[in-house]
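Worksheet for the structure shown next.
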Amino acid sequence: SHCKPTPAFKPRIDVNKLGSEFGSSILKPQIEEVLLSLEGELADFESEIVRLQSQIDYVKAQKEYLLRYQRLLRSFIAPIRPIPNELLGIIFEFTCEVNVFQEYPWLDQDEPPPTDSDSELSSSIGLLPALAISAVCARWRLLALLSPRMWSKLSLELSFSDAMSTMSDGLTSTLELYLERSANSPLCINLAAIGKPMKKQNYLVSLTRHSHHWRSFKYR
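Here the sequence shown is numbered in this note's numbering, starting from 116 and rising by one per residue.
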């Protein structure tokens, strides 16, 4: 819907005339009168700014709503939509050949991470494809949650130093999510840890809790 037109804002004081009308000969009562008018004028300007900002926010919100609706309508005619769930699930499993948990920032300056952070694989769909796929739409999310094997191939790439001697909380919580969603599917785990961690590692605790599901575990 279109915004209703609003009356034009009309300042009570002509700013261009202030310098010419009020010189050094102006009396104190006149100054006080002008100051009082200026206070009211400044308050009006502030109110006008708030009103205009509110209109801008409204228009932006309407634009975002239309963009979301446009994306929704386009999704109904997307070429991938007619693909059966069974076939789509197989495609997803091939896409999730590996989910890379790479520590950021990488702390070891001498040895780079196994997965090049500048490569195409470093995008979200490349590093954590199962998580990326599950965030696309309700249908894909449901298929991802019904496909434990998508979440079962994990590669951990970690670097440690005295300043940071444990895996970040965000990465640990994401790993926990993967382990939970892998359900009873056999786990294939690759671990590349560079440096010497100085304290108990939460990610190892998480992995060992699911050791009865390990199909393979490689450390390098």
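No residue lacks a Cβ here, since even glycine has one placed at the ideal position from N, Cα and C.
Residue nearest to residue i in terms of C-alpha spacing, selected from the options
| i | options | result |
| --- | --- | --- |
| I298 | H327, E154, I192 | A small fix is needed here, since residue 298 is Ala in this sequence, not Ile. Nearest C-alpha to A298: H327. |
| Y318 | Q145, E226, R189, D284 | D284 |
| P301 | E163, W329, P199 | W329 |
| L269 | L246, E156, F191 | L246 |
| R186 | S152, V251, E154 | V251 |
| E226 | P199, I195, S274, Q145 | S274 |
| Q316 | T287, L292, L153 | T287 |
Beta-carbon contacts of residue i that lie in its chain and below 6 Å, excluding the five residues immediately before and after
| i | result |
| --- | --- |
| A307 | P229, E272, R335 |
| I248 | F207, W255, A259 |
Close beta carbons around residue i, own chain, < 8 Å, minus the five adjacent residues each side
| i | result |
| --- | --- |
| G204 | L258, L261, S262 |
Euclidean distance between Cα positions of residue i and residue j
| i | j | result |
| --- | --- | --- |
| E212 | S169 | 48 Å |
| K178 | I171 | 11 Å |
| V165 | K143 | 33 Å |
| I309 | E201 | 40 Å |
| F332 | F216 | 15 Å |
| E218 | R296 | 21 Å |
| P197 | W266 | 25 Å |
| S116 | A176 | With a pLDDT of 48 at S116, under the threshold of 50, the predicted position of this residue should be treated as unreliable, though the coordinate-derived value follows. Using only the alpha carbons, I get a separation of about 12 Å. |
| T210 | P244 | 7 Å |
| Y173 | Y180 | 11 Å |
| L153 | R183 | 45 Å |
| S162 | G155 | 11 Å |
| L188 | Y293 | 31 Å |
| A253 | H325 | 28 Å |
| W221 | I195 | 37 Å |
| N214 | L242 | 6 Å |
| F160 | A193 | 49 Å |
| P199 | R264 | 19 Å |
| L157 | Q145 | 18 Å |
| Q224 | F191 | 48 Å |
| S167 | L151 | Looking at the sequence shown, residue 167 is not Ser but Leu. Taking the straight line joining both Cα atoms gives about 25 Å. |
For residue i, the first and last residue of its enclosing alpha helix (DSSP H)
| i | result |
| --- | --- |
| I146 | 143-191 |
| W221 | It is not in any alpha helix (DSSP H) - W221 carries neither H nor E in the DSSP assignment. |
| S331 | Element bounds for S331: not the alpha helix (DSSP H) but the beta strand (DSSP E), 329-334. |
| L243 | Per DSSP, L243 belongs to no alpha helix (DSSP H) and is neither H nor E. |
| V320 | 317-324 |
| L257 | 253-260 |
| D284 | 284-296 |
Span of the beta strand (DSSP E), counted from its first residue to its last, around residue i
| i | result |
| --- | --- |
| I195 | Where I195 is concerned, there is no enclosing beta strand (DSSP E), given that its DSSP letter is neither H nor E. |
| A307 | 302-309 |
| E272 | 268-274 |
Residue-level contact to chain D via CB, residue i, 8 Å cutoff
| i | result |
| --- | --- |
| A250 | The chain labelled as chain D is not found in the depicted structure, where only one protein chain is given. |
Cβ shell of residue i (< 7 Å), same chain only, five flanking positions each side left out
| i | result |
| --- | --- |
| L322 | I304 |
| L290 | F216, Y318, S321 |
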